[in-house]
Amino acid sequence: MAELPPLPQNFTYSAEHEWINAGADAIVGNTVKIGITAVAADALGEVVYVDLPEVGDTVTAGETCGEVESTKSVSDLYCPVTGEVTAINESATDNPGVLNSDPYGDGWLFEVNVTELGEVMDAAGYAEANSL
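Everything in the sequence shown is counted per UniProt numbering, starting at 1 for the first residue and increasing by one.
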């Protein structure tokens, strides 16, 4: 396993390796960014393509909402929240390698105006679940 960037302590995480750029108590009723963790990006290898929901789509917590394709495999994206997609990261679709180089910054995937939070954990719980 490669040296992974530090896990943002103020983010919330899903068991399927997606992150939300807010603490669990500040998600519902707000617009948040969603991406994949460095653990997922490292396991995938070099990301070459991302398929994201469209602006205006409704996504549902726990359901697939896109795909991330690497030189090794294709992996489904599972949305950690329910709500309406308000933006997608065009630079990530144009340059998918940013998911490997900056998964918690420029590698965000899309924004959602959240109406409901799925099953998530804090950084400590995610780190423990993934032996980080």
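Just so you know, even glycine gets a beta-carbon here, dropped at the ideal spot from N, CA and C.
Could you check which residue in the options has the C-alpha nearest to that of residue i?
{"i": "VAL81", "options": "GLU111, SER101, ALA87", "result": "GLU111"}
{"i": "ASN100", "options": "ALA15, GLU16, GLU69", "result": "GLU69"}
{"i": "GLY29", "options": "TYR126, GLU119, ASN113", "result": "ASN113"}
{"i": "LEU52", "options": "GLY45, VAL39, ALA40, GLU67", "result": "GLU67"}
{"i": "ASN130", "options": "ALA40, ALA26, LYS33, ILE34", "result": "ALA40"}
{"i": "ASN95", "options": "SER14, ASP42, VAL48", "result": "VAL48"}
Do residue j and residue i come within 8 Å of each other at the CB atom, strictly closer than that value?
{"i": "LEU117", "j": "ALA61", "result": "yes"}
{"i": "TYR78", "j": "GLU63", "result": "yes"}
{"i": "GLU84", "j": "GLY56", "result": "yes"}
{"i": "ALA92", "j": "VAL59", "result": "no"}
{"i": "TYR126", "j": "LEU7", "result": "yes"}
{"i": "VAL98", "j": "ILE20", "result": "no"}
{"i": "GLY23", "j": "THR12", "result": "yes"}
Using the three-state DSSP reduction, which class does residue i fall into: helix, strand or coil?
{"i": "GLU128", "result": "helix"}
Can you say whether residue i is buried or exposed, counting buried as having 16 or more other CB atoms within 10 angstroms of its CB?
{"i": "GLU18", "result": "buried"}
{"i": "PRO103", "result": "buried"}
{"i": "GLY45", "result": "exposed"}
Would you check whether the ligand MG has a heavy atom nearer than 7 Å to the C-beta of residue i?
{"i": "VAL114", "result": "The ligand MG is not among the ligands present in this structure, which contains no ligands whatsoever."}
Restricting to runs no shorter than 3 residues, where is the beta strand (DSSP E) found entirely within the UniProt domain "Lipoyl-binding" (31 to 113)? 31 to 36, 47 to 51, 64 to 70, 74 to 78, 81 to 88
Secondary structure, beta strand (DSSP E): runs of 3+ residues fully inside the region 2 to 29: 18 to 20
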